[in-house]
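Notes follow once the structure below has been shown.
Chains as they are written, first to last, in this note's numbering: chain A, 1 to 475; chain B, 1 to 216.
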């Protein structure tokens, strides 16, 4: 089954290339998303059917990441049906879009399932290859700029991560392995100096892909320029894949008992990400860029929680799940607004509540969710992180964390409410109303499901989910 | 013999830093590729023959022939011959890159006990190559120069992997190949597209997307 999830998209790609039909494109993406989810379900119901291989495994350390990818991909696949129908491009171009989407998801799946650092690196590199085309998909001056920055900055980042992998093998002495479980077992014998340097390179390299400041520059451009379903995938799943690699290497450092320097690095990058977001979010004029900065903020929070350790490990897993669910919904709703108003400019979108009630509810619910308003699941995670800071007597850090979050909340809520309720311009209102026939039920349902999940999990976190979240760090 | 080639590789970075003709830059990449092929064929002594064959052939074909050929094609298409507007003059470029290279060589000469697993000269030159390339990327103005410096950095990373005395797993070599693939296809493809769209190859043109003013 595990091989099937990796081979099937390639078969679908060949099929789509031969058939070149709009309906077949959607069928392939939806079928793959369903099969993708089935593997996740099998992990709980019939684990023996998964059949882990030498290089790929679905285990306690990556199951949360896999489920998040499955759920988000499923939502995006269904949203993509009406979205691709609205695309005014020829069939060949839409076929290329579908093929690249399949390869993109396959690369992310490979990156998550790989139990070897080298292999994970190759798949993360593969995600760059596929997603670069998707960012460039609209073929405008700005998409070229965004895609170029994405490819160039991420390629340098990934190359630096490769230097980190080489240095990790140097730290191993006579050993020679990149297999995670072997790395954890033998970590005690590794040279601490080289291990720390290797982590710095891997953190900066994968941190580039994850969107951590100060190596985040590609992210606002790429997320804002990509088609909305791709922005959702980029933000809700790709950043997690890069984080998984960092987390796995961080676990090697925990096993080697030389984690203090790595903690400092993560803490610095985390706080810097929050600071950068609070500064730029306040001034942004593009609502998709606003969401992109919010992704940088949340990745910063995840890095911060990793550096804190202890109870914050559990909080970081909650935050990761919550951010992915809510941010995917947020980006898909941004896609709705773009379809209706045909502009990404904040000032061009006004009286959204009058134009499309359903989109406006989704927009406000996504905003409240990402701003961690209870009962959003992010409230629990941010509360636990703040609690851990107080328990560790890091009062200044806790104050800074809450202060920056407040600025971000204010900046985001200001924009969202202005878009919903501000004065009604009749001409703009009529123009927006004319685009309403483009909207269909499937452009609301996936976001509603994702948000419901995020809010229900905020009220009730099932025991099995708590257990797999704890095992992700321990496993 | 092997160390001689490695030092020669280091000197190619000085040439890359001090010349503005893009054709000469591409020629330097070709020389680097050939030097890496020679270093690669001398470096491995206890590796199965098929691994050595794969590595050396990959290095020779991809790094010394295919990439320079591809870049030459892009160069002809885009008609950009020189990168004259670098932020720092050639004289200072030479001094700064010489200092970085000297630092790398010193790292190779001064023996640090914890780096017994690696060939020190190779390690030092590789690190200085990566540093010089990264620095060159920041000061150059043409997009194609950035791509060339990026590939020079990839060459430095390849040298770094060769500096590890033990054999690197095959996976890592595939990783290097994939990197090269990105360099050629994506960067090359985008370079042509950028040229078509902006009618120029200046990095400065790629700064339209901003936070403070909306121009999308």
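By construction, the Cβ of each residue, glycine as well, lies at the ideal position given by its N, Cα and C atoms.
Between the Cα of residue i and those of the options, spot the shortest distance and give me the residue it belongs to.
i                     : options                       : result
residue 92 (chain A)  : A:141, A:367, A:22 and A:278  : A:22
residue 354 (chain A) : A:406, A:430 and A:305        : A:430
residue 103 (chain A) : A:228, A:209, A:9 and A:320   : A:9
residue 180 (chain B) : B:102, B:133 and B:151        : B:151
residue 419 (chain A) : A:405, A:130, A:343 and A:317 : A:343
residue 208 (chain B) : A:202, A:222 and A:206        : A:222
residue 134 (chain B) : A:7, A:44, A:153 and A:12     : A:153
residue 10 (chain B)  : B:21, B:210 and B:29          : B:29
residue 189 (chain B) : B:41, B:33, B:147 and B:173   : B:147
residue 23 (chain B)  : B:160, B:136, B:79 and B:94   : B:79
residue 55 (chain A)  : A:113, A:42 and A:109         : A:113
residue 7 (chain A)   : A:209, A:363 and A:109        : A:109
residue 142 (chain B) : B:122, B:198 and B:128        : B:198
residue 299 (chain A) : A:132, A:235, A:471 and A:416 : A:235
residue 26 (chain B)  : B:68, B:36 and B:8            : B:68
residue 57 (chain B)  : B:205, B:20, B:75 and B:177   : B:177
residue 213 (chain A) : A:455, A:284, A:237 and A:271 : A:271
Any beta carbon of chain A sitting closer than 8 Å to that of residue i?
i                     : result
residue 153 (chain B) : yes
residue 164 (chain B) : yes
residue 13 (chain B)  : no
residue 1 (chain B)   : no
residue 130 (chain B) : yes
Is the CB of residue i under 8 Å away from at least one CB in chain B?
i                     : result
residue 487 (chain A) : Residue coverage of chain A in this structure runs from 1 to 475, which leaves residue 487 (chain A) outside it and unanswerable.
residue 552 (chain A) : Here chain A has residues from 1 to 475 only, and residue 552 (chain A) is not among them.
residue 159 (chain A) : yes
residue 428 (chain A) : no
residue 48 (chain A)  : no
residue 233 (chain A) : no
residue 169 (chain A) : yes
residue 128 (chain A) : yes
residue 207 (chain A) : no
residue 217 (chain A) : no
Express the C-alpha separation of residue j and residue i in angstroms, rounding to a whole number.
i                     : j                     : result
residue 427 (chain A) : residue 155 (chain A) : 45 Å
residue 106 (chain A) : residue 37 (chain A)  : 13 Å
residue 126 (chain A) : residue 73 (chain B)  : 25 Å
residue 97 (chain A)  : residue 159 (chain A) : 27 Å
residue 98 (chain B)  : residue 89 (chain B)  : 14 Å
residue 94 (chain A)  : residue 439 (chain A) : 19 Å
residue 182 (chain B) : residue 129 (chain A) : 7 Å
residue 388 (chain A) : residue 402 (chain A) : 13 Å
residue 118 (chain A) : residue 60 (chain A)  : 20 Å
residue 264 (chain A) : residue 62 (chain B)  : 40 Å
residue 473 (chain A) : residue 251 (chain A) : 8 Å
residue 164 (chain A) : residue 208 (chain A) : 14 Å
residue 203 (chain A) : residue 260 (chain A) : 14 Å
residue 24 (chain A)  : residue 66 (chain B)  : 37 Å
residue 449 (chain A) : residue 160 (chain B) : 49 Å
residue 153 (chain B) : residue 71 (chain B)  : 16 Å
residue 84 (chain A)  : residue 326 (chain A) : 22 Å
Show which residues of chain A have a CB atom less than 9 Å away from the CB atom of residue i.
i                     : result
residue 208 (chain B) : 141, 142 and 145
residue 146 (chain B) : 152
residue 150 (chain B) : 152, 155, 156 and 159
residue 157 (chain B) : 159, 160, 162, 163 and 166
Find the residues of chain A that neighbour residue i, judging by a C-beta separation of less than 8 Å, and give them in chain order.
i                     : result
residue 197 (chain B) : 141 and 144
residue 106 (chain B) : In chain order: nothing, as chain A lies at least about 18 Å away.
Closer than 8 Å by beta-carbon distance: list the chain B residues that pair up with residue i, in chain order.
i                     : result
residue 148 (chain A) : 143, 190, 194 and 206
residue 289 (chain A) : 211
Just the chain A side, please: which residues come within less than 7 Å of residue i by C-beta, in chain order?
i                     : result
residue 161 (chain B) : 166
residue 117 (chain B) : 170 and 173
Applying a beta-carbon distance threshold of less than 7 Å, which residues of chain B neighbour residue i?
i                     : result
residue 284 (chain A) : 211
residue 280 (chain A) : 211
Checklist line | Given 8 Å, three or more beta-carbon pairs between the segment 124-143 of chain A and the segment 56-74 of chain A | finding: With the cut-off at 8 Å, the segment 124-143 of chain A and the segment 56-74 of chain A do not touch.
Point to revise | Three or more C-beta pairs below 8 Å linking the segment 145-156 of chain A and the segment 123-136 of chain A | key: yes
| said: Using a Cβ distance threshold of 8 Å, determine whether the segment 231-246 of chain A contacts the segment 268-277 of chain A, with at least three qualifying pairs required. | reply: no
Query raised in the report: Counting Cβ pairs, one atom from each stretch, are 3 or more of them under 8 Å apart for the segment 89-108 of chain B and the segment 458-465 of chain A?
Result: Note that the segment 89-108 of chain B does not touch the segment 458-465 of chain A; fewer than 3 beta-carbon pairs, one per stretch, sit closer than 8 Å.
- So does the segment 355-369 of chain A actually touch the segment 325-340 of chain A, counting three or more Cβ pairs closer than 8 Å? Under the three-pair Cβ rule at 8 Å, the segment 355-369 of chain A counts as touching the segment 325-340 of chain A.
Is the segment 247-265 of chain A touching the segment 185-199 of chain A in the sense that three or more CB pairs, one from each, lie closer than 8 Å? yes
Three CB pairs or more closer than 8 Å across the segment 279-299 of chain A and the segment 222-236 of chain A: yes
* Asked: Can at least three beta-carbon pairs, one atom from the segment 305-315 of chain A and one from the segment 381-400 of chain A, be found at a separation below 8 Å?
  -> yes
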